[in-house]
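Note sheet for the following structure.
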Amino acid sequence: MSTHASSLTLNNVGLTWPDGSVALSGISATFGRGRTGLVGLNGSGKSTLLRLLTGQLTPTSGTITTNGDVGYLPQTLTLDVQATVASLLGIRGTVDALRAIEAGDVSEANFEAVGDDWDIETRAGEVLRAAGFAGTTFAGDLSAEGLDRSVGELSGGEAVLVAIAGLRLRGAPITLLDEPTNNLDGDARRRLGDLVRTWTGALIVVSHDTTLLELMDDTAELRGGTLSIFGGPYSAFRAHIEQEQSAAQQAQRSAEHVVKTEKRQRIEAETKLAHRGKNARTDFENKRGSKIVMNQLKTNAQVSAGKLRADADSKVTDARSALDDAESRVRSDAQIHVDLPGLEVAATRRLAELRGTNRTVIIQGPERVALTGPNGVGKTLLLESLLPDAPSRAAQITAPAGRATAVAHTERIGYLAQRLDRLEEDASVLDNVRAAAPSVSAGDIRNRLARFLIRGDAVDRPVRSLSGGERFRVALACLLLADPPSQLLVLDEPTNNLDLQSVDQLVGALSQYRGGLLVVSHDDAFLARLGIASWLALDAAGRLEDLSPPSVEPLRH
1 MSTHASSLTL NNVGLTWPDG SVALSGISAT FGRGRTGLVG LNGSGKSTLL RLLTGQLTPT
61 SGTITTNGDV GYLPQTLTLD VQATVASLLG IRGTVDALRA IEAGDVSEAN FEAVGDDWDI
121 ETRAGEVLRA AGFAGTTFAG DLSAEGLDRS VGELSGGEAV LVAIAGLRLR GAPITLLDEP
181 TNNLDGDARR RLGDLVRTWT GALIVVSHDT TLLELMDDTA ELRGGTLSIF GGPYSAFRAH
241 IEQEQSAAQQ AQRSAEHVVK TEKRQRIEAE TKLAHRGKNA RTDFENKRGS KIVMNQLKTN
301 AQVSAGKLRA DADSKVTDAR SALDDAESRV RSDAQIHVDL PGLEVAATRR LAELRGTNRT
361 VIIQGPERVA LTGPNGVGKT LLLESLLPDA PSRAAQITAP AGRATAVAHT ERIGYLAQRL
421 DRLEEDASVL DNVRAAAPSV SAGDIRNRLA RFLIRGDAVD RPVRSLSGGE RFRVALACLL
481 LADPPSQLLV LDEPTNNLDL QSVDQLVGAL SQYRGGLLVV SHDDAFLARL GIASWLALDA
541 AGRLEDLSPP SVEPLRH
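Start counting the sequence shown at 1; every next residue gets the next number (the UniProt record's numbering).
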C-alpha cells in the first residue's frame with residue numbers, strides 16, 4: 001500500500017452535457033488522506049463526479065489534479081458478466097504474462113508486464129482471504145480455474161468484494177468506491193467495514209449505507225450541481241443539516257408572517273389614502289378654503305400619498321425578498337412518487353413454489369416473503385428460475401450442486417434484477433417501458449416516468465448512457481408500470497442505488513400493492529417495513545429454513 005500523501009484537488013470544475021444541460025458547476029475541493037463519504041440524492045451527479053475524478057470524463061471548465069493513480073470501483077461493475085476474477089483484481093495482464101513465461105515464452109514484453117510482481121498470485125490470495133474468501137477456489141488455490149472464473153459465476157456481492165480486494169492489492173494513493181455495499185450480505189458488509197477502517201491513502205465512498213458512512217472522517221454532499229464538505233461522519237452531518245433546516249424553516253415562517261403584515265398594512269394605507277382623497281374632494285366641492293390654499297392642499301396630499309405608497313411598497317418588496325432568501329435555504333427535494341395499477345390477487349391463487357432441498361414453500365395470494373442468506377448460496381439463481389428465459393440464462397452460469405429452484409404458477413411475474421441487466425441497452429428509456437406496457441400511450445408513459453424523476457429529453461436517452469440510480473429507476477418503472485400489472489413481484493436487492501427518500505417512496509408504493517411479493521435483501525430495516533409474513537433463509541446446501549423477523553432499530557432520516 002502506498003505511503004505517500006494522497007491529494008486530489010478540484011478547482012472550479014464544471015461539466016455541461018452536449019445538450020447544454022449543466023451536470024456540475026463551480027466545484028472546488030481538496031481531498032487528502034482519510035475517508036470521505038459522498039452523499040446526495042439520486043441523479044445529483046455523484047457517479048458523474050467520480051468519473052471526472054478518474055479521467056473517464058473531461059470537465060468543460062476548471063481543473064482536476066492528483067498526485068498519483070486513482071483506483072475506482074464503478075457502480076455498474078456487475079453488468080460485465082464476462083469479466084474474470086483476475087480482471088476484477090486488476091492483475092489480468094500480469095497473470096497472463098506469468099503464465100506465458102512459465103510456458104516458455106521469455107519475450108521482453110512479458111517480463112515488462114510482470115515487473116516486480118512475481119509474487120502477485122500470493123498477494124492476491126492474501127487480499128482475497130482478508131475480504132472473506134478463505135477456502136474458496138480462487139483464494140485457497142489461485143489456479144487458472146479460479147482466476148478465470150467469470151463475474152457471471154459469482155454473486156453480485158462476491159464480485160464487488162473481489163473488485164475491492166483488487167483495489168486494496170493495487171494500493172493506489174486515491175481510491176473511489178461507488179456504492180460498494182450493494183449486494184453485500186451482513187457478514188460481507190462487516191468485512192468491508194474492516195477494510196475501510198484500515199485503508200491507507202485517500203478514500204472517497206459514494207453510498208446510501210448509513211452504517212458505512214459512519215466510518216467516514218468527512219462527509220461531502222453533492223447538491224444542485226455544487227459540492228460542500230462537512231467535517232465528521234454521516235450522523236454528525238445529518239444533525240447539522242437538521243439544525244440548519246429547523247432554523248431555515250423558522251426563518252421562512254417568520255418571513256411569511258412579515259410579508260402578510262406588510263401586505264395588510266399596504267392595504268390599510270390605501271384605505272387611509274382613499275378616505276383622505278374623498279374628504280379632500282368634498283372640501284374642494286364645498287369650497288372650504290381659497291382656491292390657492294385648496295390647490296396647495298391637494299398637491300401636498302398627492303406628495304404625501306406618493307411617499308406613503310412608496311414606503312409601503314418598499315416594505316412589501318423587502319419582506320418578499322427576505323422570504324425568498326429564507327425559502328432558498330429550505331430544502332425541497334424531488335422524490336419518486338409511485339402509483340401502482342389496481343390489482344387484487346385472490347388469497348387462494350397459487351403464484352409460485354420455492355423448492356429447497358429439504359422442503360417446498362408455496363407463495364399464494366397477496367403473501368409477502370423475504371428470502372435471505374449469505375452471498376453466493378444461489379438466491380438470485382432461485383429467483384431467476386421463476387422466469388420464462390430461466391433455462392437460457394442458467395446455461396450461462398455454473399449453478400451450485402443441489403441448489404434450490406422455483407416453479408412459477410403465473411406468467412404475470414415482474415422481476416427486478418440485482419444486476420439491472422434485463423434492460424435493452426441501446427433502446428431508449430421510453431421504449432424499454434413501452435415494452436412492459438405496450439397498450440399504454442407514449443404520452444401517458446412520459447407522464448408516469450415523470451413521477452420517477454425521468455423527464456424531458458431523459459426519456460429518449462439510451463439506457464446505456466444512464467447512471468446507476470437512473471438505470472434503477474427505469475428498471476423499477478418497467479416493473480411497476482407493467483400493463484397488465486404483475487401478480488407476483490420478485491425483487492432482488494431493490495434498495496441498491498436508492499437514496500433514503502426514494503426507499504421511503506418504494507415502501508409506500510409496495511404497501512399499496514395487492515399481489516404477491518418475494519424479496520431478496522440484506523437490508524433488514526427495509527424488509528421490516530414491508531409487512532413480511534414469511535422469513536426464509538437459503539443456505540449453501542439449498543435448504544430453506546424459517547427465520548424469526550430480525551430485530552432492527554427504527555430508521556432515522
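Using N, Cα and C, we set each Cβ at its ideal position, and we do this for glycine too.
- Glu221 is positioned such that its CB atom lies no closer than 7 Å to that of Val13.
- Annotation for Val519: Ala370 and Leu491 place their beta carbon closer than 6 Å to its own, counting only its chain and skipping 5 residues before and after.
- A residue is called buried once 16 or more other Cβ atoms fall within 10 Å of its Cβ, and Glu384 is buried on that count.
- Excluding sequence positions up to five before and after Asn432, its CB lies within less than 7 Å of the CB of Leu423, Glu424, Val463, Val474 and Cys478, all in the same chain and listed in chain order.
- DSSP, reduced to helix, strand and coil, places Gly516 within a strand of the structure shown.
- The residues Ala352, Ala406, Ala408, Ile413 and Val490, in chain order, have a CB closer than 7 Å to that of Leu386 in the same chain once the five nearest residues on each side in sequence are set aside.
- Note that the region 203-214 touches the region 39-53; at least 3 beta-carbon pairs, one per stretch, sit closer than 8 Å.
- Bounds of the beta strand (DSSP E) holding Leu176 are Ile174 to Asp178.
- In the DSSP assignment, Ala458 falls outside any alpha helix (DSSP H), carrying neither H nor E.
- Non-local C-beta neighbours of Ala113 in its own chain, meaning closer than 8 Å and more than five positions away in sequence, comprise Gly93, Thr94, Asp96 and Ala97, ordered along the chain.
- Taking the CA atoms as reference points, Phe472 sits about 19 Å from Asp483.
- The region 149-160 makes contact with the region 179-187: 3 or more CB pairs, one atom from each, lie closer than 8 Å.
- Counting C-beta pairs with one atom in each stretch, the region 63-76 and the region 521-541 have fewer than three that are closer than 8 Å, which means they do not touch.
- Listed in chain order, the non-local C-beta contacts of Leu212 below 6 Å within the same chain comprise Thr181, local neighbours out to five positions each way being set aside.
- Asn110 sits in a helix when the DSSP states are folded into three classes.
- DSSP places Ala450 inside the alpha helix (DSSP H), whose first and last residues are Ala442 to Ala450.
- In the three-state DSSP reduction, Phe237 falls in the helix class (H, G or I).
- Taking one beta carbon from each stretch, the region 113-125 and the region 187-198 have fewer than 3 pairs nearer than 8 Å; the two do not touch.
- Boundaries of the beta strand (DSSP E) around Phe31: Val22 to Phe31.
- Membership of Ser87 in the alpha helix (DSSP H) is indicated by the continuous run Val85 to Leu89.
- Per the coordinates, the alpha-carbon of Ile27 lies some 33 Å from the alpha-carbon of Asn447.
- Note on Asn375: 16 or more other CB atoms within 10 angstroms of its CB, so buried under the neighbour-count rule.
- Annotation: Leu481 to Leu161 spans about 33 Å, alpha carbon to alpha carbon.
- Less than 7 Å separates the beta-carbon of Ile91 from that of Ala124.
- Residue environment analysis places His257 among the exposed positions, since fewer than 16 neighbouring C-beta atoms fall within 10 angstroms of its C-beta.
- Per DSSP, the beta-bridge partners of Gly34 are Ala202.
- Within the region 474-519, the complete beta strand (DSSP E) segments of 3 residues or longer fall at 488-492, listed in chain order.
- For the pair Arg349 and Gly365, the CB atoms are nearer than the 7 Å cut-off.
- DSSP places Asp117 outside both helix and strand once states are collapsed to three, so it counts as coil.
- Only buried fits Gln418, as 16 or more other CB atoms lie within 10 angstroms of its CB.
- Selection Ile362, Ala269, Thr198 and Ser441 evaluated against Thr410 yields Ile362 as nearest (Cα-Cα).
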